[in-house]
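Quick note on UniProt numbering: the sequence shown kicks off at 1 and runs consecutively. Think of the CB as a built atom: it goes at the ideal place given N, C-alpha and C, for glycine as much as any other residue. All figures in this text were calculated on a predicted structure; none of them were measured in a lab. First the structure, in the form of structure tokens, and then the observations on it.
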Amino acid sequence: MAGSIEQRKSEHIQITLNEKVTGDAITTGFESYTFIHNALPEIDFAEISTETEFLGHACRTPFLISSMTGGTALAETINRNLAEAAEERGWALALGSTRALLDSDGHPPSFLMRKYAPSVPIIANIGAVQFNYGYGTEECRRIVELTEADMLVLHLNSIQEVIQDGGDTNFRALLGKIEMLCAGLGVPVGVKEVGWGIDGETARQLTDAGIAFVDVAGAGGTSWSQVEKFRSEDPVRRAAAEAFSEWGIPTADSVRMVRPEIGGRPLVASGGMRTGLDAAKALALGADFVGFGRSILKEATQSTEDVLESMAVREMELRMAMFGIGASNLRELMDTPRLVRKDF
């Protein structure tokens, strides 16, 4: 089983890089929005601030490297490049699923990134469904201690688990177990989807249970049913996966659904985020942070320098969008009346 975990993680990376893992029709929804340009912004571009905070941690940008990978030698290289770049640019860093960290054959060094990113928030990650397969608060505490993480995020990936050969599909009665973890872990616990979005009612249930932040991880980017389709040896699962290539709540819609349901808790928009302009729209729709994943994965396989350049472009795009509407800081961007649907 340990070896199969490492093989699965390697296959996930290669498939995500080299195969078509997105739907044909479903999008993030951000293309339906536009900013009304302000020809006289009355601010100095050089003085635009993107500084913010995430659960008490100061951040130079509202950007997060989304949970992607771990558990293999290649993942160690990818995560080190991401961690070094996150430290230099001031992005928060979320690790891939850390279940393999507790397995001595699961390449633990691929998750130990604090030495490369000593000052930025690090978020450890495990599937919520594992609470029905022997994991609990003590295992999560061990993961947080080993990674020196500032917080933990639980990923919800029900459709992926169905298509994945040998997937863990018992999602029964997880909410109470999540509530127990939030009460007993000692660090903030968040929740995220993996590409199909979270609706408002579910977000409210989770925050009532003690969840500290929500990452919608909406549709429009990587479809993990498509990723698992390429791995599966079961012809029934492979065929069924095709029907779900367009499944999910577009990221923009998920942000709008969740924002009014979680009070002042941080809301992360991820899922198909490609540019700093996408990020600006997400922030204006109600997000507090924006997560980038597959759009920087290729660079992460190459070098820290390539990741840094990609990050710099996204930061420039965000600041240009802010300049274009006359927003000198993130609060002004979040409060802008200049984001409208394109049929205005």
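Of P118, G220, G200, the smallest CA-CA separation from A25 is found for G220. Taking one beta carbon from each stretch, the stretch 180-187 and the stretch 132-152 have 3 or more pairs nearer than 8 Å; the two touch.
At the C-beta level, E19 and F230 come within 7 Å of one another. Straight-line spacing of the CA atoms in D199 and I126 works out to 21 Å.
Look at I122 here: in three-state DSSP terms it is strand. Taking the C-beta atoms as reference points, V189 is found no nearer than 7 Å to L267.
Taking S225 as reference, the option from G248, V216, R204 with the minimal CA-CA separation is G248. Within the stretch 193-276, the runs of beta strand (DSSP E) that reach at least 3 residues and sit entirely inside it are, in chain order, 213-215, 267-269. Taking 7 Å as the cut-off, the beta carbon of G197 is found closer than this to the beta carbon of G218. Boundaries for L102: no beta strand (DSSP E) harbours it, and the DSSP string shows neither H nor E there.
When the beta-carbon positions are compared, M113 and N79 come within less than 7 Å of each other.
Per the DSSP secondary-structure output, I65 pairs in a beta bridge with L93, F292. Where F54 is concerned, the enclosing beta strand (DSSP E) starts and stops at 52-54. With respect to the C-alpha of P260, the residue from T202, R238, F45 having the closest C-alpha is T202. Put simply, the stretch 334-341 touches the stretch 25-39. At least three CB pairs are less than 8 Å apart.
In the DSSP assignment, A58 falls within the beta strand (DSSP E) that extends over 57-59.
DSSP lists V340 as the beta-bridge partner residues of T34.
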